[in-house]
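Take a look at the structure set out below.
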Amino acid sequence: MHRTLIALVGLIAVAAAQSCGQTPIKPNLMIGAALPPVHNNVSNAVVGGTTATAYSWPWNVAICTYDFWGNCNFQVSGSVIGSQWILTSASYVSGSTKPKDYRVQAGVFDESNK
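Structure follows, in structure tokens:
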């Protein structure tokens with residue numbers, strides 16, 4: 001009886017782990033695909049990149065600072081690595097080093113459509 005219960009719990013754990021890290025919206029994984037730019041002001045900072053499928057990378061977030069008028073100015077993107085942790089490149093964070101001066105926005109795909 002105990003072995004059956006342990007085997008059942010193990011099977012459920014393995015089944016639950018299969019969906020861990022999977023997004024409900026399939027991302028575009030066509031590396032090097034030639035897609036038209038999304039905006040006219042696209043920079044060449046990302047070389048060989050492709051347009052992401054909307055909302056297909058839910059662990060990616062936008063990090064911004066607020067200006068005098070309350071607009072959130074994009075600084076850099078980051079990745080959620082824990083319930084209270086975002087990983088990003090420090091070289092792109094300018095100005096204040098105080099965490100309270102930055103805001104993290106999840107679920108943003110196109111900031112130009114506000």
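Residues 1 to 114 (this note's numbering) make up the sequence shown, in order. Heads up, the beta-carbon is just placed ideally off N, CA and C, and yes, glycines get one too.
From Val80, Asp67 and Thr4, pick the residue whose C-alpha is nearest to that of Ala106; which is it?
-> That would be Val80, whose Cα lies nearest to the Cα of Ala106.
Contacts around Thr88, its chain only, beta-carbon distance under 8 Å, and the 5 residues preceding and following it disregarded = Beyond the five residues adjoining it in sequence on each side, Thr88 comes within less than 8 Å, by CB distance, of Ile63, Val76, Ser77, Gly78 and Ser79 in the same chain, given in chain order.
DSSP state of Ser79, grouped into three classes?
-> Looking at Ser79 - three-state DSSP - the assignment turns out to be strand.
When DSSP builds the beta bridges, which residues end up paired with Phe74?
-> Per DSSP, Cys64.
Using the Cα positions of Pro99 and Thr50, report the straight-line distance between them to the nearest angstrom.
-> Note on geometry: alpha-carbon atoms of Pro99 and Thr50 lie some 31 Å from one another.
Please classify Val117: is it buried, with 16 or more other beta-carbons within 10 angstroms of its beta-carbon, or exposed?
-> Nothing can be reported for residue 117: it is not among the residues displayed for the chain, which extend from 1 to 114.
State the Cα-Cα distance for the pair Asp67 and Phe109, rounded to the nearest angstrom.
-> Their Cα atoms are separated by approximately 21 Å.
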